[in-house]
Every structure is written in C-alpha cells, then in structure tokens.
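This report concerns only the one structure given below.
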Amino acid sequence: MSVLVFVEGFNGEIKKSSLEAATYGYQVAQQLGTSATAVAIGEVHEDALAKLGEQGISKVLYDADSRLNDFVADAYVKVIAKAAQQENAKVLVFSNSNIGAAVGAKLAVRLNGSLATNVTTLPKTDGGFIVTRSVFSGKAFAEVNLTSDVKIIAVKKNALEIANAGSGAATIEKFSAELTDADFVAAPKETIMQDTSGGVLLTEAEIVVSGGRGLKGPENWHLVEDLAKALGAATACSKPVADLDWRPHHEHVGQTGIAVSPNLYIAIGISGAIQHLAGVNSSKVIVVINKDPEAPFFKAADYGIVGDAFDVVPKLIEAARALDK
Amino acid sequence: MKILVCISNVPDTTSKINFSGDNKSFDKNGVQFVINPWDEYALTRAIELKEAKGGTVTVLNVGEADAEPNIRKALAIGADDAIRVNADPKDAFFVAQQIAAIARQNNYDMILMGKESIDYNGSQVHNMVGEMLGIPSIVPASKLDLVDDSTARLEREIEGGKEVVEVKLPFVASAQQPMSEPRIPNMRGIMTARTKPLQVVEPVAGETKADYVSFSKPEKKGGVKMIDAENAGELITLLRNEAKVL
Ligand SMILES: Cc1cc2nc3c(=O)[nH]c(=O)nc-3n(C[C@H](O)[C@H](O)[C@H](O)COP(=O)(O)OP(=O)(O)OC[C@H]3O[C@@H](n4cnc5c(N)ncnc54)[C@H](O)[C@@H]3O)c2cc1C
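Those protein sequences? They're chains A and B, same order as listed.
Take the position in the first sequence, starting the count at 1, then add 10; the result is the number in the working numbering.
Take the position in the second sequence, starting the count at 1, then add 20; the result is the number in the working numbering.
Structure below.
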C-alpha cells in the first residue's frame, strides 16, 4: 500500500501547487505508515524531479513520452492508473488544477475510487477518511467521508505550506504505459500559451494585483501591471472588465471566473460584489483601494485605502520598487 | 444535432449560506434557487448551435421536484424538452451515473454542462460522465464550434494557456466564459415552456462514494486597518513587516 502523487510541470519546473500536493501526499503517507511516490509526465527537468525528495517523495515514476508534453486526458489517466496499480496506491493526490481535477475524476471512475476536490485539510483517519473541502464558492467548508477503498484527493491551491521533509534526492524511474492511438483522439491540435514573460501564473501566484471598472479603461492598466511587476505578482480583473474586453477572460476572477487563494490579493477599483468576493475570499490577506468609503469590499479587507487609484497606485509602485528583495 | 444539457439547481449567487442547527445539511430557508450560472453558458451555446444547424436541445436535471421551476426556465430560454431524474443528487458519482444512464438510451451528439456547480464546486461530473460512456470530455471549454456534421472544435483552458481540440461527436464538454452570453427568457418563451414536455424518470441503481458529514463557515476577518491615502506607501511597509506577505 502506498500514496501516489501526480506532479505537474510548467516550463520544466514543478508547479508550486504540485509541491503542495507532494507535501500533502507525504504527510498522508506518514499518517498511514507508508511511503509516497510521485508520477510525472511530459517535459520536466530531472533535477526538479529529484528535488521532490525535499517534500518527502522517495521515488518518482517518470514518463517522458514527448506526445504527452501537451495535456492529453485519456493518456494521462492510463499512465497514472498503471502507476497506481503498480504501487498498490490507495490514496492518490493531485493539485486542484484543471488538469488534476480532470484526471482525478476520470480515475475515480476507472479505479472505482472516492474523489474529493478543493481539499483544504489532511484526512482524519480515525473511523473513516474524512477531509475538509471548500464549498459554496468559499463561503463554507464541508467535511466529507471518502468511503471507497481508493481515495482520490485534489488539494486546493495554497491551502497548505510546502514542507521540507529534509530527505535526500528522490530516485527517478523511467515509466510508461502502453498507449494506443485511441488514447490520443482528443489530443490538442495546438496549444497556445499565454505570454508569461512576467513569469507568474495567476492560478499559482502568491500575490495577485487585480483591477476593476474603477480603472476606467484598458489604457490605464499599466497601474495594475507596474504594481504587479514590482511585487512579483500576477494580474487579474473583475468580470465586467473581461466582458468589456479590457482584459482577457483568463484573468477574470470570481464565482463565475477563476477562484484564487493567494497570500495577498490587492483589489484596485473593484466594488466587492458578492460574486467577486466568492472567487477571492480565501486569500490570506486582502487589500482594497477604492475611492468610495462605502464600497462593500472594505468589509472583506484586511487593509484599505480610501482614495483615487490614479493617485494612490503610483505611490504604491514607488514604495514597492524601493523594497529590497 | 441532438444536444443534452445538464443543469443543476443552486442557491442564487447573492445567497447567504447557512446550515441546519446540527450543521449536517444546507438550510434552504429563504434561499432563492437559480440555474447554475456555469450551466447557463452551456445551455445558451447549445441553443445557438441548434439555431444555426437545426436539432434539439434536451435539458436534464438530477434532482427533486423543487428544481422544476428552473427546468421550466431552461425550456423558456429555448430548450425543447426536459428530463428530471427524480433523486436527491447526493454526490458527483451518483449524479454522473444517472446522466450516463440517460445518455445511453438516447444517442446524443454532445453532452454539455457547466465547469462546476456553485454549491459544491466539485467540477467532477463532466469528466466522470465522459469516462463512464467512454467518450472524450473537454473540460473546461471556453469555445465550442462545429467544423462539420461529425466534428467539433473546442478551446480548452489549461493554466497558462489553452488547447485547441478537435473531436468527433459524441463528446462531453463543460462550459466557461466566453463560450456564450446567457439569455433572459422572453414572454413567448415563458408561455411555450409551460407546454413543452418535462419527463420525470426514476433513478437507476447508483452508488455514492463521498458522504457529507458536516458543514462549517470560515472564521470572520478581524476587521480592516485603514491607511491614509496621503501616506499610501505605508501600506507596503505594513504588508512586509506586519502581515509578512511581501
Ligand atoms: C451570476 C453572476 C455572476 C457573476 N460573477 C462574477 C465574477 O465571477 N467576478 C466578478 O468580478 N463579478 C461577477 N459578477 C458581477 C458582479 O456582480 C459585479 O457587477 C462586478 O464584480 C463589478 O465589477 P467592478 O467592481 O469592477 O465594477 P463596479 O461595480 O462598477 O465597481 C467599480 C468600483 O471602482 C470604484 N472606483 C471608481 N473610480 C475609482 C477610482 N478612480 N479610484 C478608485 N476606485 C474607483 C468605485 O467606487 C466602485 O466601487 C457576477 C454577477 C452575476 C449576476
């Protein structure tokens, strides 16, 4: 019996959210008195894989098949299912990403397992296998008992700190499944990556700077971008900003957009409608800059500034640039 | 083109979320229910495709009778007929089994639904249905078009980019914006919806794999600390030294 963690790469490195999943996997393995193995697919540097030892992973099964550099759901499922079988894994851990949640759901059917997504806690294992999930768009938590023999968990991003278990390097074993053409029928024809020259993915970011309709138009977005750059943050926006095409839809956060849970969320010119809050309310620290002292967002904020964004944000950019890194 | 759109009945986005006294169930008191907003993107896209290419749109809800007003609303927006599987939608696996059972009887060309429901935020059912039926599931899709009568072209969001995928029908896809702009039912739609067929069927035998034990609410924030706009730079110092997030 063991714990299997699926780790995702991005630009050859392992995503922060996958290091969190690895931490989770190791801690569950400790609870159950077993070890944690990782499985990685596609383009990931081997030294990055070996470093998973720091999170307590003892072994990494690595399938470097270049056809899997893009995400191909059926093929990924086959590889991970085979790894789970080989390792006799009873707990499978993913990050709650688009890829992790998709593969987790398919595996739940294939392995006849119980799946919980958006998980925020380690399991309680006395008399069951009970985890906490974030539900109702961050407005509540639910405790769920996973009743099948195989448990599949997708860990909410930034819900737990990446641990350094201090073990040595993980061993890397080449791994592959017998993939057929049928596994590639829904393979992408093309993958279009966003410009990530800023280096920070919104869904992985520790700091997010977000702008709303109060910024008046796309021509003023340098305020958001410059502050984000000075803080090493990702940029985001409210729904109307994406609907108006001021910013792309993949930046739209909220109940009907992307849910984020960074350490720091800075909202500029956003009123704080309940649907917006639903996507950002699990951020650890929230800063609100709004010229209206009655803006509802202040009720959900940790720090606030009442003022005109066009006066306030340049001062923040200046102060942020002056920070020593 | 036969399109199946799965909808769930969820608390309105402005709802205050409360639980029963023992924290074991969601308290529906005073809560207004709506069609899950993500499902509306799927529904409107299905209707647009039907308008362009002909065919039918069937809506499917796994739920109890109290979901019927929102099923009628989907008919008023433009779906042709509806099926309600008369069961408490206990967990994603159970719901996916019910949807798969309906799909097996009806040869749909595509099965669409939202990326997730705004109540349990599971984001599981679409992929489970695809896997149960052995057809591709494209999740989450921000664009869906038909290339010809047997092929669809979708854009699938991945973190950091998107994939362009072409699949043969049938398939499952989940919707997110900007796939479509939801529609508001008009008077004529509301009138005709009353007489459109809504079939109630009993569930097939299914299993649940996740039991909800209890609910809780996040701790309240400590209150906001205001910084004078004149000294805005002070915020950065506080974020570093007090909040320790920089
Ligand atoms: C079903 C449904 C789903 C929704 N989903 C989402 C979602 O996922 N995400 C989302 O964001 N919204 C969502 N919404 C929309 C939401 O209700 C709000 O309309 C939206 O969040 C408002 O965006 P905003 O704050 O940018 O704009 P506004 O509400 O127009 O607010 C602009 C704010 O900027 C301030 N301001 C103006 N000028 C300045 C200035 N010079 N300096 C500083 N502040 C200034 C104003 O005081 C105001 O508070 C949804 C709505 C519905 C009905």
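Backbone N, C-alpha and C define an ideal beta-carbon position, used for all residues, glycine too.
- Contact annotation: Ala-172 of chain B and Leu-153 of chain B have beta-carbon atoms that are not nearer than 8 Å.
- The C-beta of Ala-115 of chain A comes closer than 8 Å to at least one C-beta of chain B.
- Chain A places a beta carbon closer than 8 Å to that of Asp-231 of chain B, counting this residue as a contact.
- Interface annotation, Phe-235 of chain B: in contact with chain A, CB-CB separation under 8 Å.
- Contacts with chain B at 8 Å (Cβ-Cβ) include Tyr-313 of chain A.
- Listed along the chain, the chain A residues whose CB falls inside 9 Å of the CB of Asp-139 of chain B are Val-145, Phe-146, Ser-147.
- Shortest gap from the CB of Gly-279 of chain A to any heavy atom of ligand 1: under 7 Å.
- By the Cβ rule, the segment 71-80 of chain B does not count as touching the segment 41-54 of chain B, because fewer than three pairs are nearer than 8 Å.
- Cβ contact annotation for Val-30 of chain B (same chain, cutoff 6 Å, sequence separation greater than five): Asn-56, Ser-137, Ile-138, Asp-139, in chain order.
- Taking a Cβ-Cβ cut-off of 7 Å, the neighbours of Asn-147 of chain B in chain A comprise Ala-112, Ala-115, Lys-116, given in sequence order.
- An exposed status is given to Asn-122 of chain A, since fewer than 16 other beta-carbon atoms sit within 10 Å of its beta-carbon.
- The DSSP-derived three-state label of Leu-132 of chain A is coil.
- Distance from Leu-63 of chain B to Ile-103 of chain B at the Cβ level is roughly 14 Å; contact not present, criterion being Cβ atoms closer than 8 Å.
- In the DSSP assignment, Asn-300 of chain A forms a beta bridge with A:Val-316.
- A straight-line Cα-Cα distance of about 23 Å links Ile-327 of chain A and Thr-213 of chain A.
- Interface annotation, Gln-265 of chain A: in contact with chain B, CB-CB separation under 8 Å.
- Counting along the chain, Pro-57 of chain B sits inside the alpha helix (DSSP H) bounded by residues 57-73.
- The beta-carbon distance between Glu-183 of chain B and Thr-201 of chain A, rounded to whole angstroms, is 5 Å. This is short enough to meet the 8 Å contact definition.
- Contacts between Pro-57 of chain B and chain A, judged by CB atoms closer than 7 Å, involve Thr-266 in chain order.
- Close to Lys-241 of chain B, with beta-carbon spacing below 7 Å, are these residues of chain A in chain order: Ala-310, Asp-312.
- No heavy atom of ligand 1 is found nearer than 7 Å to the CB of Phe-53 of chain B.
- Three or more beta-carbon pairs drawn from the segment 220-235 of chain A and the segment 306-326 of chain A are found closer than 8 Å, and the two stretches are therefore classed as touching.
- In the DSSP assignment, the residues bridged to Pro-31 of chain B are B:Phe-53.
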